[in-house]
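Report on the structure given below.
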Amino acid sequence: MQKSWTWSGMALLLACGLAQASPQGGEDIAKRLEAAPHTHPRLFLDPSRAEAVKRKIAADPMLTRALAHVRACADATLRAPPVARQKVGRRLLGVSRTCLKRVVCLAFAHRMTGEARYLERAQREMLAAAAFDDWNPSHFLDVAEMTAALAIGYDWLHPGLDPAARAAIRGAIVNKGLKPSLAGGWWVTTTNNWNQVCHGGLCLGALAVLEDERALAAQIVARAVKNVPRAMREYEPHGAYPEGPGYWKYGTTYNVLLIDALQSVLGTAFGLAAPKGFLRSADYYLHMTGPTGLFFNYSDCGTKGGVAPAMYWFAAKRQDGSLLWRERAALAEFVRDAKPSATGANRLLPFLLIWARDGGAAPPSGSHFNAGGRTPVAVHRSGWESTATFVAVKGGSPGANHAHMDIGSFVMDADGVRWALDLGAQSYHSLESKGIRLWDRSQDSQRWTVFRLNNLAHNTLVVDGNQQVVKGSAPIVRFVDRGSSPHTIVDLSNVYAGQLAAARRGVALRPDRSILIQDEITAPERGTVVRWGMVTRAKVKSVRDGTAVLVRGGRRLELRVLAPEGAMLETYETERPAALHDHPNPGTRMIGFKVKLEASAVGRLAVLLAPGTAGGESPEVRRLADW
């Protein structure tokens, strides 16, 4: 496609390519592209919206402090040299993210204050990135985030950029961002976060240069509107994100950027906010954080998420202040403790200020959450105070994107302490640099030799030392959020196929805020040994008669084995895994026990986790069917 195309030719392209991609049809998209404003700024923050944002910030002390942090990051960038093209392994992603943070903070600071020094430094940053030979298209996330950086800076600062700089930045967006994407790649139609990030970042570029590259911009927008719904189907039916809350934050933020960019420039998002489960996914993210402020960090997810600007968009879209219950607390902690930085962390913080709604946060009405889909999860909590008891459990498959062999695993908070934890992911580069084929998810893949990724390191079952079955999947078969003992039951049989004839795990929140973890397992036609384990940072102070006392931060937790009788608790090494490619896990240990089952025998493993502030009585062990 050439720039000399007429709008009628482009309309034909869009009508053919988008008729099925948008509920509104290709003709409507073509008309909206033709009518799009040629003035700048137009992405997210046109002049009228910018004035409204200024008023909103001035009226809210918390947002005022957040703006001060954005300005401090911009000031830190004034003192830093522009980005250089330095890859880490096969990735330029860290450089792209640093450039994005710098440009967004500098441009936003300029838009809020009018100070020329921020504009001048942003121009230098964008010109440095524009001068790179390329933006590393072999790892296309790098291209997408760099395109987003220059698109936002180009649009927001357009009136004040030097004409030569404007042309150079626009040329880089086109030739190093948009055109390389036309070569295609697996990311175009994939269902994971790459789809959302790549299409989102590229559409920002397309909408920024729309008046100069009409046909190209139309092609980029058409492709995104057609393909992003593929990734958005992963939110079905209740909003759970298969890759965990950390990747929810990444992929969903770019999804929201795409929606808001289309809305702000074209007046519609072509129904992209409508897919089933998408708006409900904000509930998922809310519930995936425990009272300690830590994620239920399953799969390749970090432990703590910080602030999530996209949640402010969801809260405004749904007019639901309860979605910000954790977010306002996280923002208060962030503006109090975070050091201003010119590097990539919290690179999209200014969008929190753009999307924030008037009014504060309200306590959520529900204490329990359940979501099906590719990776089903469930949460039970005693309340929303910082000392509440919280337990989260997951099903799903090790074969999902970014998944671990953590099926049936749980985390648990009580009295302000995370007692049962997930070790989380290991740095991708640290493994790739040692030759580990990290992204091969076959049963015999090297991925599963990584300690943090296999079931030996998770709060689930290990049968005869074997790994979980990669092609297996575990559904949540019961979820009860009412009564004296809300609970969840997960059918693990499929992920232990060939190892156990049947396996189910129940997780219950009891009236005294203790947690009961109960497994019902059936051995195959041979004897087997099953290990139950829980990773913790607490010190194990005493072990006696199937009861262990765990202590951390001046708090205590009793771990009581209620079944089978006579189980011998022991600790297992997690701090120093044996393989050379494994990272250490300082301060951690696993506590658990082993059970021998005869051929075809049925076993019941029941463990009570009783915080020091909970009652002292142990419950009667009943069949899961009788819960």
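In the numbering used here, the protein residues as written are 69 to 695.
Using N, Cα and C, we set each Cβ at its ideal position, and we do this for glycine too.
Just so you know, these numbers come straight off a predicted model, no measurement behind them.
Can you tell which of Arg612, Ser477, Asn204 has the C-alpha that lies nearest to the C-alpha of Tyr366?
-> Along the sequence shown, read from residue 1 onward, the residue named residue 366 stands at position 298. Taking each of Arg612, Ser477, Asn204 in turn and checking the Cα distance to Tyr366, the smallest one comes out for Ser477.
When Lys609, Leu489, Arg628, Thr642 are compared against Val518, the one with the closest alpha-carbon = For the purposes of this step, residue 518 is taken as residue 450 along the sequence shown, with counting starting at 1. For Val518, the closest alpha carbon among the candidates Lys609, Leu489, Arg628, Thr642 is that of Thr642.
Kindly list the residues whose CB is nearer than 8 Å to the CB of Arg515, restricted to its own chain and excluding five residues on each side of it in sequence; keep chain order.
-> Along the sequence shown, read from residue 1 onward, the residue named residue 515 stands at position 447. Ile504, Arg505, Leu506, Trp507, Asp508, Arg509, Leu521, listed in sequence order.
Rank Gly239, Ala190, Thr215, Met214 by C-alpha distance to the C-alpha of Leu225 and give the top, closest one.
-> As a first step, residue 225 is located in the sequence shown; it is residue number 157 there, counting from the start. Ranking the options by Cα distance to Leu225, first place goes to Ala190.
Terminal residues of the alpha helix (DSSP H) in which Met379 lies = Within the sequence shown, the letter at position 311 stands for residue 379. In the DSSP assignment, Met379 falls within the alpha helix (DSSP H) that extends over 377-386.
Please report how far the alpha carbon of Pro91 lies from the alpha carbon of Ala337, in whole angstroms.
-> Taking the first residue of the sequence shown as 1, we reach residue 91 at position 23. Taking the first residue of the sequence shown as 1, we reach residue 337 at position 269. Legend: pLDDT at Pro91 = 42, less than 50; position of this residue unreliable, value from coordinates given subsequently. Near 10 Å, if we compare the C-alpha coordinates of Ala337 and Pro91.
Neighbour-count burial assignment, Trp600, 16 or more Cβ in a 10 Å radius = Indexing the sequence shown from 1 puts residue 600 at position 532. So Trp600 ends up on the buried side.
Please determine, among Ser465, Pro431, Glu500, the residue with the shortest C-alpha to C-alpha distance to His649.
-> Counting from one through the sequence shown, the residue named residue 649 turns up at place 581. Nearest option by C-alpha distance: Glu500.
CA-to-CA distance, Cys141 to Gln264, given in whole angstroms | Sequence index remark: in the sequence shown, residue 264 carries index 196 (1-based). Sequence index remark: in the sequence shown, residue 141 carries index 73 (1-based). Approximately 27 Å, taken between the alpha carbons.
Secondary structure at Arg657, three-state DSSP: helix, strand or coil?
-> Counted from its first residue, the sequence shown places residue 657 at position 589. Here Arg657 sits in strand by DSSP.
Enumerate in chain order the residues of its own chain whose CB-to-CB distance from Gly157 is below 7 Å, with the five nearest sequence positions on each side excluded.
-> For the purposes of this step, residue 157 is identified with residue 89 of the sequence shown, where counting begins at 1. A distance below 7 Å between beta-carbons, with the five flanking residues on each side excluded, links Gly157 to the following residues of its chain, in chain order: His497, Glu500, Ser501.
Sufficient close CB pairs (3 or more, under 8 Å) joining the segment 410-419 to the segment 365-381 = The segment 410-419 makes contact with the segment 365-381, as at least three CB pairs between them are under 8 Å.
Are three or more beta carbon pairs between the segment 558-572 and the segment 478-491 nearer than 8 Å?
-> Contact fails: fewer than three Cβ-Cβ distances are below 8 Å.
When burial is assigned at 16 or more other CB atoms within 10 Å of the CB, is His106 buried or exposed?
-> Residue numbering aside, residue 106 sits at position 38 when the sequence shown is read from its first letter. Exposed, by the Cβ-count rule.
First and last residue of the alpha helix (DSSP H) that includes Lys609?
-> Translated into the one-based positions of the sequence shown, residue 609 becomes position 541. First-last for Lys609: 607-612, but that is the beta strand (DSSP E), not the alpha helix (DSSP H).
Would you say Arg620 and Ala606 are within 7 Å of each other, going by their C-beta atoms?
-> Taking the first residue of the sequence shown as 1, we reach residue 620 at position 552. Taking the first residue of the sequence shown as 1, we reach residue 606 at position 538. Yes.
Does the segment 319-326 come close enough to the segment 439-449 to have 3 or more Cβ pairs within less than 8 Å?
-> Not touching, per the Cβ criterion.
Kindly indicate which three-state DSSP category Lys247 falls into: helix, strand or coil?
-> The residue you call residue 247 lines up with position 179 of the sequence shown. Helix.
Contact set for Val617: own chain, Cβ-Cβ below 7 Å, skip 5 residues either direction | Residue mapping note: residue 617 aligns to position 549 of the sequence shown, counting from 1. So the qualifying residues of the chain are Lys609, Ser610, Arg624, Glu626.
For Trp452 and chain B, any beta-carbon pair shorter than 7 Å?
-> Looking at the structure shown, chain B is missing, and only one protein chain is on hand.
In whole angstroms, what is the alpha-carbon distance linking Phe458 and Arg550?
-> Locating residue 458 in the sequence shown gives position 390, where the first residue counts as 1. Locating residue 550 in the sequence shown gives position 482, where the first residue counts as 1. When rounded, the distance between both Cα atoms is 16 Å.
Continuous alpha helix (DSSP H) assignments of at least 4 residues falling wholly in the segment 398-444 | 417-423, all fully within the segment 398-444.
Per DSSP, which one or two residues make a beta bridge with His448?
-> Locating residue 448 in the sequence shown gives position 380, counting from the first residue. DSSP lists His436, Val459 as the bridge partner or partners of His448.
Ser582 to Trp393, Cα distance in whole Å?
-> Along the sequence shown, one-based indexing puts residue 582 at 514. Along the sequence shown, one-based indexing puts residue 393 at 325. Put simply, the backbone Cα of Ser582 is about 24 Å away from that of Trp393.
Whole-angstrom C-beta distance between Gly680 and Met602, which should lie under 8 Å | The residue labelled residue 602 in the question sits at position 534 within the sequence shown. The residue labelled residue 680 in the question sits at position 612 within the sequence shown. Contact between Met602 and Gly680 is ruled out by a C-beta separation of about 17 Å, above the 8 Å threshold.
Helix, strand or coil for Ser686, going by three-state DSSP, please let me know.
-> Position 618 of the sequence shown, counting from 1, holds the residue named residue 686. Three-state result, Ser686: coil.
Identify whether Pro115 lies in helix, strand or coil by the three-state DSSP scheme.
-> What you label residue 115 is simply residue 47 of the sequence shown in a count that begins at 1. The answer is helix: DSSP assigns Pro115 an H, G or I state.
For Arg185 and Pro432, the rounded distance between their alpha carbons | Numbered from 1 along the sequence shown, position 364 holds the residue referred to as residue 432. Numbered from 1 along the sequence shown, position 117 holds the residue referred to as residue 185. Looking at the two C-alpha atoms, the distance is approximately 43 Å.
Three-state secondary structure assigned by DSSP to Thr528 = Along the sequence shown, read from residue 1 onward, the residue named residue 528 stands at position 460. Coil.
What number of angstroms, rounded off, separates the C-alpha of Val163 from the C-alpha of Ser409?
-> For the purposes of this step, residue 163 is identified with residue 95 of the sequence shown, where counting begins at 1. For the purposes of this step, residue 409 is identified with residue 341 of the sequence shown, where counting begins at 1. When rounded, the distance between both Cα atoms is 14 Å.
In DSSP terms, what His555 is bridged to | Taking the first residue of the sequence shown as position 1, residue 555 is located at position 487. Its beta-bridge partners are Val548, Ala576.
Using a threshold of 7 Å, state whether the C-beta atoms of Ala219 and Ile241 are closer than that.
-> Residue mapping note: residue 219 aligns to position 151 of the sequence shown, counting from 1. Residue mapping note: residue 241 aligns to position 173 of the sequence shown, counting from 1. Cβ distance < 7 Å, so Ala219 and Ile241 count as in contact.
Gln511 burial status per 10 Å Cβ neighbour count (16 or more: buried) | Position 443 of the sequence shown, counted from the first residue, corresponds to residue 511. Gln511 should be labelled exposed.
Continuous alpha helix (DSSP H) assignments of at least 4 residues falling wholly in the segment 102-189 = With a minimum length of 4 residues, the unbroken runs of alpha helix (DSSP H) contained wholly in the segment 102-189 fall at 115-126, 129-146, 161-181.
Would a C-beta distance cut-off of 7 Å place Thr455 and Gly484 closer than the cut-off?
-> Against the sequence shown, residue 455 aligns to sequence position 387. Against the sequence shown, residue 484 aligns to sequence position 416. Remark: C-beta atoms of Thr455 and Gly484 approach each other more closely than 7 Å.
Excluding five sequence neighbours on each side, which residues of the same chain lie with their C-beta closer than 6 Å to the C-beta of Trp316?
-> In the sequence shown, residue 316 corresponds to position 248, counting from 1. Cβ neighbours of Trp316 beyond the five flanking positions: Tyr309, Tyr353.
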